[in-house]
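Residue numbers (numbering that gives the first Met the number 0): 0 to 142.
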Amino acid sequence: MPIYRCESCGTLNRVPPERKGQRPKCGRCKNLVDISGLPQEVDDDGFDALLRDSPVPVLVDFWAPWCGPCHMASPIVEEMGEERAGDLLVVKVNTDEAKRVAGRFGIRSIPTFMIFRDGKEVARQSGVMQPPQMRKWIERAVG
Ligand SMILES: [Zn+2]
């Protein structure tokens, strides 16, 4: 069943496809759940919780505000998130702020993209990818 992250509290909500038109609310905090698939920003703790709990693969965009190529990649990452809404969670990690996560995965250049499945790294790619290339990369990693 499609999974969407509540941006307010980080809870992962299962939303049956037939309920998508009804402005679904978060099971924990009752705020509206964004089902657009657009990337959400997560911090160190949010990232750990997501990796621990997500039943669907997670794509992470490691970026920083001062990084030009990161801004070029941003709309492409958004496009991927919208395309795979519900079956892939796309999040952004600001490496200036989430230093613990960036350090743990040895992120040296940005943008770097990683895909995790069941909490484990299954793919990693640095540098801007165009949509067709990124789509293929995601399909190779998660099907
Ligand atoms: Zn919530």
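The beta-carbon is built from N, C-alpha and C at its ideal position, and this holds for glycine as well.
Item, Value
"Residues with C-beta closer than 6 angstroms to any heavy atom of ligand 1, in chain order", "5, 7, 8, 10, 25, 27, 28 and 30"
"Range covered by the beta strand (DSSP E) that runs through residue 27", "That residue, residue 27, is in no beta strand (DSSP E); it is neither H nor E in DSSP."
"Whole-angstrom distance between residue 31 and residue 107, CA atom to CA atom", "36 angstroms"
"Where residue 21 sits in the DSSP three-state scheme", "helix"
"Cβ-based neighbour list, residue 28, same chain, cut-off 6 angstroms, excluding 5 preceding and 5 following", "7 and 8"
"Residue 53 vs residue 84 beta-carbon contact at 8 angstroms", "no"
"Supposed contact pair residue 56 and residue 87 - C-beta distance, whole angstroms, cut 8 angstroms", "5 angstroms"
"Whole-angstrom C-beta distance between residue 23 and residue 0, which should lie under 8 angstroms", "Contact flag wrong, Cβ pair sits at about 12 angstroms."
"Backbone CA spacing between residue 2 and residue 66 [nearest angstrom]", "30 angstroms"
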